[in-house]
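Numbering (full-length UniProt numbering), first residue to last: 1 to 996.
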């Protein structure tokens, strides 16, 4: 690697005093007194740096010892006095905090819970609207003797009630036929054996199954499986005895019943919603055919029957086991770990494809820790790369220790100093980030040390250390602080998971910078002294020759091929990258765009894992999974302040009830307005007609007009709150009567103060026509429409009722709040990061043109990176959003290194400066990119999806950033870069800054 050029230019560029330059050339070296004098001329900034260099060169062992002692003390404190993180609930921190919707939802929850006991005997929860179910026979089939006989279980096949009673609350396996059709005798028999092999023969299943000895003659009931139902319908006692004729007869029965049972849920069977022509055969054995079509075979099977598709096949089937997935987690864990993980997943006929044992969250920490093995492998690979590049095992160990201590110190600051109460699993991903960044800094530091050592020699060690630190302190500080600032900016996010990762990862990067400026140079100085004492020229020369032989082809690539391609094809590169940037903008912002998530089921493992196969691949293919949520239910709330007064960094702290003590509802004007609001509500297009509103004022009027004054159930005398006409009522009468009825539980939407029995809060609940959905557009329209109408009405209300607000406490609205936070937060964070990066670049390079080209390069790299992720199907989910916000910080590093080298080049023309920048910086930048790329690649086999995502993202960013900075940025500099001091910004008056 050629190193003479850069060393010369840095030395000449920084020592602009001609007297000092002339003396250095004449004497060949600069003594300590002259160096100190020069730094005094340079200003206080570099006086401090030079004095630090002198201390470091003489007392390097003291500094290293202090670093180790401090790190050890901090680690002891944080790992002994504080609990270790618990990742058993990985979904924690996903709910936005502090948003308008979150504040309203949590305020309503706190009202209903009333944990502070400020209300009198908390009334029942807000009214929800569930249609009443009237049980009627289907076509009269339940009354026939044939149906009664066929509903009796066959010997050997005995179920624990109907699967309707358990639905998706029991353990489930998905078995797929290797040949593509589960409805063959061989596949049915294989599935029957799989049930026993994986689950039913395990002792934990036998001890914890449902209905054990209650509804069956055997210890445990039969599994709800296709084999057992075919055997039941064929009057056979064991599923392995099923033959071709049994399957054919069952399929014929399914063909007969499918048109009547398609997409009909269990509760729908007991409603009068099915044709009177419903065949009685379809009701036998407690609607066995319905169970097969609705629970065991995919929806497409029923559709194919209706469409008369031939041949009629099903590639897979669900198997439900009568063991609770909610209360028997430990038993299911034993079955999963001892059988499903250890047994072969296929016998050549069927294959186990998916599992739902409700263990995803419980096993997540175990898999997260086990996947740390890949972090170790990535660290070992980076260790090897650094060792090969620098040739020193000591320096390599220092680089690894840097990364480890960076995480330890960041954890201490995060837990003990910043007092963050929540440590999400996403913080672990910072380890991958630190490995790449730490290797980057190490390569740059070693490269510059070698260059200055070649220029200055090794006789004046303080001067050598000073020159190396002076250059690396600038470039490393800029790159590290830019990446850290990109993270710290995202700490303003509404999502605790993102906030916590931003603080921890940003702090880890800052700690890595501190250690790189202390521990790493100490190790390099130690290696320098050991080499001087122990390594003679005879013993060291062959080693250098071997290393030179290894790196010679790379030197040809870096010093000859890359500059040739950039300089000769500069216009082509500019056109190509500009076109690529324009196309990426179209992909990201127009079509297909970065999509928001459309399901609240968060994926924690790679899609190939059986847990995720169930949720991602198979769940949506079943009819029983298509049960939609009820339509949105809205509430208008008065008397409660809509505030999120909990710790927004702690997902478990939802705050306390904050009542609006200025709220009053008693005046006749207030009563009349509230009654008019309830009547007007029914005329709105979003109101679900035929449903009652939870409007207490209407119920209260009927109670007041009732002639009976004594509650027949409790004997409580409600006088004078009866036989009253003439609404609105006097304020005192209204207040006292509302309190009486509310305390008796007749007005569940009214909440009474504990201190004076006055009305504390009121809700009006109503069902809307908007369906509950995870689609962003649907929920956005619902919230905007209803909230705007409520706000408009409240603004015109009497003064005492003008502080009301609308809320809908449903999982879909909470998910919409998350979608909105991601949609608005990520672009803003990236734009602010780009702005800060521009400022840091300008302050570093101090040239308007170079800053402009650098920002164009970085913007293009970021947009191209995100566009590739869009085309690969990434959604803007929580972990993905956290990772994507790193794009700016990680894309800036290489461009800064090239920009600084171009700016400080001693040459004059654009072409010479670009070539100089390429030949001096490409080797270190390429090794840095390779090390980070390797760190990402080696965590790709991890089971935990976040490891895979951060690994793939690092690989992508390194490739895009290296290509952009090397070919695009340098081409722009070659064509229109500054020459000499053209468009340089003036340096501040501090002379020490000028020496940069």
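All residues carry an ideal CB built from backbone N, CA and C; glycine is no exception.
It should be emphasised that the depicted structure is a prediction, and the values quoted were computed from it without experimental measurement.
Quick check on the DSSP output: the beta strand (DSSP E) that includes residue i runs from which residue to which?
i	result
residue 175	170 to 177
residue 765	759 to 767
residue 634	633 to 638
Once the 5 residues before and after residue i are set aside, which same chain residues still bring their CB inside 8 Å of it?
i	result
residue 593	587, 870
residue 106	644, 646, 654, 655
residue 118	657, 659, 753, 754, 755, 760
residue 678	693, 695, 697, 698, 764
residue 306	258, 259, 262
residue 621	298, 299, 300
For residue i, which of the options has the nearest alpha-carbon?
i	options	result
residue 1017	470, 809, 709	No information on residue 1017 is available, as it lies outside the stretch 1 to 996 that the chain covers here.
residue 973	942, 958, 918	918
residue 825	494, 161, 278, 837	494
residue 222	162, 244, 248	162
residue 469	56, 330, 932	56
residue 618	979, 186, 104, 318	318
residue 1018	296, 344, 338, 677	The question about residue 1018 has no answer, for the chain in this structure spans 1 to 996.
residue 650	97, 443, 905, 73	97
residue 744	715, 438, 487	715
residue 661	775, 702, 640	640
residue 517	418, 565, 416, 403	403
residue 440	665, 925, 962	925
residue 380	939, 959, 967	939
residue 831	858, 424, 195, 790	858
residue 171	957, 702, 326, 236	326
residue 399	776, 519, 569	519
residue 969	852, 889, 329	852
residue 794	726, 873, 637	637
Residues in the same chain with beta-carbon distance under 6 Å from residue i, minus the five sequence neighbours each way, listed in chain order, please.
i	result
residue 189	240
residue 35	Per-residue confidence for residue 35 stands at a pLDDT of 42, beneath the threshold of 50, marking its modelled position as unreliable; the derived number appears in the next sentence. 463, listed in sequence order.
residue 816	779
residue 675	697
residue 193	none
residue 927	389, 443
Along the chain, where does the alpha helix (DSSP H) containing residue i start, and where does it finish?
i	result
residue 832	811 to 845
residue 317	Element bounds for residue 317: not the alpha helix (DSSP H) but the beta strand (DSSP E), 316 to 324.
residue 292	No alpha helix (DSSP H) holds residue 292; DSSP gives it neither H nor E.
residue 700	696 to 705
residue 951	945 to 963
residue 866	848 to 871
residue 806	Counting along the chain, residue 806 falls outside any alpha helix (DSSP H), though it belongs to the beta strand (DSSP E) covering 805 to 807.
residue 387	372 to 390
residue 249	244 to 261
residue 438	430 to 456
With DSSP run on the structure shown, which of helix, strand or coil describes residue i?
i	result
residue 348	coil
residue 223	coil
residue 751	strand
residue 353	strand
residue 117	coil
residue 21	Below a pLDDT of 50, predicted positions are generally treated as unreliable, and residue 21, at 38, falls in that range; the measurement from the model is reported next regardless. Note: residue 21 maps to helix in three-state DSSP.
residue 420	coil
residue 268	helix
residue 911	helix
residue 920	helix
residue 111	helix
residue 659	strand
Keeping to the same chain, check which residues put their C-beta closer than 7 Å to that of residue i; ignore five residues upstream and five downstream.
i	result
residue 393	387
residue 426	497, 501, 879, 882, 946
residue 979	908, 909, 910
residue 767	129, 631, 633, 688, 691
residue 150	Low confidence applies here, because residue 150 scores a pLDDT of 44, under 50, leaving its location unreliable; read the following figure in that light. Same-chain partners within the cutoff: 284, 285.
Closer than 7 Å: is that where the CB of residue i sits relative to any heavy atom of the ligand MG?
i	result
residue 860	Looking for the ligand MG in the displayed structure turns up nothing, as the structure carries no ligands at all.
Compute the beta-carbon to beta-carbon distance between residue i and residue j, rounded to the nearest angstrom, for a pair I have assumed lies under 8 Å.
i	j	result
residue 673	residue 484	Residue 673 to residue 484, Cβ: 54 Å. No contact.
residue 665	residue 801	7 Å
residue 757	residue 739	5 Å
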